[in-house]
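Here numbering that gives the first Met the number 0 is used: position 191 in the sequence shown is 190, and no number is missing along the way. Glycine included, each C-beta is placed from N, C-alpha and C at the ideal position.
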Amino acid sequence: MISVIIPSRNRPNELLISLTSLGLAKHGLEALVWLDDDDPQLDKYKEFFGSDPNVRLFIKERVGYKNTYVMLNFLCTEAKYDWILQFNDDAYMEYPHWFEIFKDFVREFEPTNQPIVINLWGQGETILNLFPLVSRKFIDLLGYYTMYPVCDDWIRMVGISANISYDLKGIKPKHRKYGGEDQLTDKTFEEVQNDRGMMKRTYDHRRTPYRQQLRQEISKIVDYNMSTESCRLSERIKTVGFIGLGKLGLPIAEAIAKRGFNVLGYDIKKVKTTLPLAKSINELVKKSDLVFCAVQTPHNPLFEGDKPLPKRRADFDYSYLVKAVKAVAAVNKRTNLTVISTCLPGTYNRVIKPLLSDKINYLYNPFFIAMGREVEDYMNPEFVLIGGDDTAILKHFYTKLHGRDRAFVTDITTAEGIKVFYNTFVTAKIVLGNMYGEFAHRLGMNVDDIHSALTKATFRLISPMYLKSGVGDGGGCHPRDNIALSFLAKKINLSSNLFDTLMTARENHMGWLGTIFKEEMKSSGLPGIILGKSFKPETSLQTGSPAILLANILKRKRVAFKHYEFDYPKKLPVAVYLLATQHPQYRELGYPKGSIVIDPFRYINKINGVKIIAIGKKYEI
0 MISVIIPSRN RPNELLISLT SLGLAKHGLE ALVWLDDDDP QLDKYKEFFG SDPNVRLFIK
60 ERVGYKNTYV MLNFLCTEAK YDWILQFNDD AYMEYPHWFE IFKDFVREFE PTNQPIVINL
120 WGQGETILNL FPLVSRKFID LLGYYTMYPV CDDWIRMVGI SANISYDLKG IKPKHRKYGG
180 EDQLTDKTFE EVQNDRGMMK RTYDHRRTPY RQQLRQEISK IVDYNMSTES CRLSERIKTV
240 GFIGLGKLGL PIAEAIAKRG FNVLGYDIKK VKTTLPLAKS INELVKKSDL VFCAVQTPHN
300 PLFEGDKPLP KRRADFDYSY LVKAVKAVAA VNKRTNLTVI STCLPGTYNR VIKPLLSDKI
360 NYLYNPFFIA MGREVEDYMN PEFVLIGGDD TAILKHFYTK LHGRDRAFVT DITTAEGIKV
420 FYNTFVTAKI VLGNMYGEFA HRLGMNVDDI HSALTKATFR LISPMYLKSG VGDGGGCHPR
480 DNIALSFLAK KINLSSNLFD TLMTARENHM GWLGTIFKEE MKSSGLPGII LGKSFKPETS
540 LQTGSPAILL ANILKRKRVA FKHYEFDYPK KLPVAVYLLA TQHPQYRELG YPKGSIVIDP
600 FRYINKINGV KIIAIGKKYE I
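In structure tokens, the structure reads:
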């Protein structure tokens, strides 16, 4: 399945570690190794790999690191498999299940028909830790792997520019030259570092000959992709209409336009954008072949997650969505209507379906996007969820947009469920992580070690994301989706209402942090200050913020404190500080001697004269 290409010099022992980590025989892979004919350890290479059926050694006249592309191009001509991975003799795969992750990621690719670049990123400085994985079609179209001396950097640029680039997460190759207890800094390393620095300066891709070459390679790939059947089918979509140009709709509509689609937008409010705008939904529908509807389905502000849970629960407000769907149906034109708004499962059958005529092809296509990462997540999704009966045109649209078919197709009601279950699964993981933190804090364990151990279990526990102990989740989706599902669970008499439990646990965790804060204020006699209002670092958004929830819990208990985001006084007073948002700026604040800092994230370093309570650690700094 994969041909691994590796130039190596003077490192047979290191190469043995590298190839062993790949599991060549276990996974049916081959390794092609370029060796210099003057390598002082040539005999040892032969001893280690000469009889290995999965390793092919090519002993050639030395060309030097500056001509690595010559070595890689040659090895590509000898490679027999459909995926080609550029690897290093000073790198190894740390995760034993890396190949299963790879297979799952590429299962819908056709490497002999699709030019693809997949980026595997190691640790350290990212630009120096790239391991490109390309498809056979990529090599066939160009006629070589690369003609540019800084090979991995060039492959990355071609992939991004031709819209065939994908980041494969969950496989992190360990590059030994970037530190740790197994750091490799031999003579070869020093030579390579010197050569690479010179090459980056000399072979600047922005210079005319390389810029022209880059354009030629991109053109070959783009021309081929435009000729494929899926792209021809997606040419049925002349214009994409976008109803609702708010926080989500506008950046996504503009991103689609940047990928070459004609996009026509509409919003009831005045919008600052370069997109052409329709004066009405009627005009937009008449001029569009595919219509996205991104109108809000808000929740009552009581259910956003920044206030203690009320006893009663409620569904989302679908009135805006109903109004938009009615306006689309009233145009009386055959329309592919794609709704991205969050809905509880059953909403389509109960609320939307009665509004539709047989001219409307209704599709449900909610996005899985983090605030602040809208475009990045939309363009690089884990999967594209589509619910509907006739999904072909939307699948073709995304094939053209992403370069491959990432669609997961199901019925509309199931898709409605998948969307909210995804969001609430994140909450479940965060609740667990925070429970581990409280256990650790009470029993003298180290929660960071607990987190580090569990994140190694990427095979059985799915993903290490969202398990780090800190504060509750927030934003415009997770809390409200849990609360809405707790309403639905009660409505349909579900045997167990986990969603209610999750939100209660989230609130109780923030209340527990508040209790520690209150007790430290009482025992020390110091005033209290909470730092952080936004729901996550490096954003100003406060929707569903656990920091605001914490403040509201303390206010109910009549606890006096001050609350700041970045408007804190220049000279901080001696106080008890509770960090409620993990803003990096808070690490650099000059907390005065005699202060107490409660750090749920365990990211504040030791400060002379300041007591730091690292939540989930068995000691105080």
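Bounding residues of the alpha helix (DSSP H) (the contiguous stretch that carries residue i)
i, result
"K490", "477-490"
"T500", "497-523"
"L453", "446-453"
"C292", "That residue, C292, is in no alpha helix (DSSP H); its beta strand (DSSP E) goes 289-292."
"K43", "41-48"
"P11", "11-21"
"V321", "318-329"
"D151", "150-160"
"V338", "No alpha helix (DSSP H) holds V338; the beta strand (DSSP E) holding it covers 334-338."
"L493", "Counting along the chain, L493 falls outside any alpha helix (DSSP H), and DSSP gives it neither H nor E."
"V54", "Per DSSP, V54 belongs to no alpha helix (DSSP H); it is in the beta strand (DSSP E), 54-59."
"H174", "Counting along the chain, H174 falls outside any alpha helix (DSSP H), though it belongs to the beta strand (DSSP E) covering 172-174."
"L141", "135-141"
"G603", "A quick correction: the sequence has Ile, not Gly, at residue 603. From DSSP, I603 is part of no alpha helix (DSSP H); its letter is neither H nor E."
Rounded distance between the beta-carbons of residue j and residue i, thought under 8 Å
i, j, result
"N72", "Y165", "Contact doesn't hold; Cβ gap of about 23 Å is too wide."
"V105", "V133", "V105 to V133, Cβ: 12 Å. No contact."
"I5", "A30", "6 Å"
"N66", "D38", "Going by Cβ atoms, the distance from N66 to D38 rounds to 16 Å, so no, they are not a contact pair."
"D151", "P110", "Not quite, the Cβ-Cβ distance comes to about 19 Å (not below 8 Å), so this is no contact."
"S544", "G473", "5 Å"
"G475", "N162", "Contact flag wrong, Cβ pair sits at about 29 Å."
"W33", "L84", "14 Å between Cβ atoms; not a contact."
"G510", "I552", "5 Å"
"P536", "T500", "Wrong, their Cβ atoms sit about 27 Å apart, outside the cutoff."
"F245", "A323", "Reading the sequence as shown, one finds Gly at residue 245 and not Phe. About 12 Å separates the two Cβ atoms, so there is no contact after all."
"Y585", "L571", "In fact, because the Cβ distance is near 11 Å, the residues do not count as touching under 8 Å."
"N335", "I392", "5 Å"
For residue i, the first and last residue of its enclosing beta strand (DSSP E)
i, result
"Y377", "From DSSP, Y377 is part of no beta strand (DSSP E) but of the alpha helix (DSSP H) over 373-378."
"M70", "Taken as a continuous stretch (DSSP letters only), M70 belongs to no beta strand (DSSP E), being part of the alpha helix (DSSP H) at 67-77."
"F438", "Note, F438: premise wrong, no beta strand (DSSP E); alpha helix (DSSP H) at 411-442."
"L84", "82-85"
"D37", "Here D37 belongs to no beta strand (DSSP E), and DSSP marks it neither H nor E."
"D166", "164-166"
"K467", "Per DSSP, K467 belongs to no beta strand (DSSP E) and is neither H nor E."
"L90", "It is Ala, not Leu, that sits at residue 90 in the sequence shown. Taken as a continuous stretch (DSSP letters only), the beta strand (DSSP E) holding A90 covers 90-92."
Length of the line joining the Cα atoms of residue i and residue j
i, j, result
"G432", "C342", "28 Å"
"K554", "M502", "19 Å"
"V408", "F396", "14 Å"
"Y602", "V470", "13 Å"
"M623", "T514", "Because the chain here runs from 0 to 620, residue 623 falls outside it and cannot be looked at."
"N281", "V330", "6 Å"
"I595", "L530", "13 Å"
"L129", "S160", "17 Å"
"L213", "P583", "38 Å"
"L56", "V69", "16 Å"
"P478", "K517", "25 Å"
"S287", "T238", "5 Å"
"V573", "N507", "28 Å"
"T412", "K332", "25 Å"
"V338", "D376", "18 Å"
"N492", "F486", "10 Å"
"L384", "A406", "6 Å"
"A277", "F241", "10 Å"
"I611", "K605", "7 Å"
"S533", "T542", "8 Å"
"E60", "L247", "56 Å"
"A328", "A313", "28 Å"
"L14", "F48", "10 Å"
"L167", "M156", "16 Å"
"K102", "L540", "37 Å"
"F86", "N224", "27 Å"
"N112", "Y317", "44 Å"
8 Å Cβ cutoff, residue i in contact with chain C
i, result
"T19", "The chain labelled as chain C is not found in the depicted structure, where only one protein chain is given."
Residue i: CB within 7 Å of a non-hydrogen atom of the ligand SAM
i, result
"Y567", "For the structure depicted, the ligand SAM is absent and the ligand set is empty, with no information on it obtainable."
Practice task
Check whether the segment 329-348 touches the segment 409-428, counting contact only when three or more Cβ pairs, one atom from each stretch, lie closer than 8 Å.
Solution key: yes
Problem - Runs of beta strand (DSSP E) wholly within the segment 214-281 (minimum 3 residues, chain order) - result: 238-242, 261-265
Problem - Touching by the beta-carbon criterion (3+ pairs, under 8 Å), the segment 476-490 and the segment 295-314 - result: yes
Exercise for the section: Decide yes or no for the touch test of the segment 443-453 against the segment 505-524: beta carbon pairs closer than 8 Å, at least 3 of them. Expected result: These segments do not touch.
Practice task
Please list the segments of the beta strand (DSSP E) lying wholly inside the segment 528-572, counting only runs of 3 or more residues, in order along the chain.
Solution key: 561-563
Problem - Segment contact flag, the segment 263-273 with the segment 207-221, C-beta cutoff 8 Å, min 3 pairs - result: no
Practice task
Tell me, please, whether the segment 82-102 touches the segment 8-25 by the rule of three or more beta-carbon pairs shorter than 8 Å.
Solution key: Judged by Cβ distances under 8 Å, the segment 82-102 makes contact with the segment 8-25, as three or more pairs qualify.
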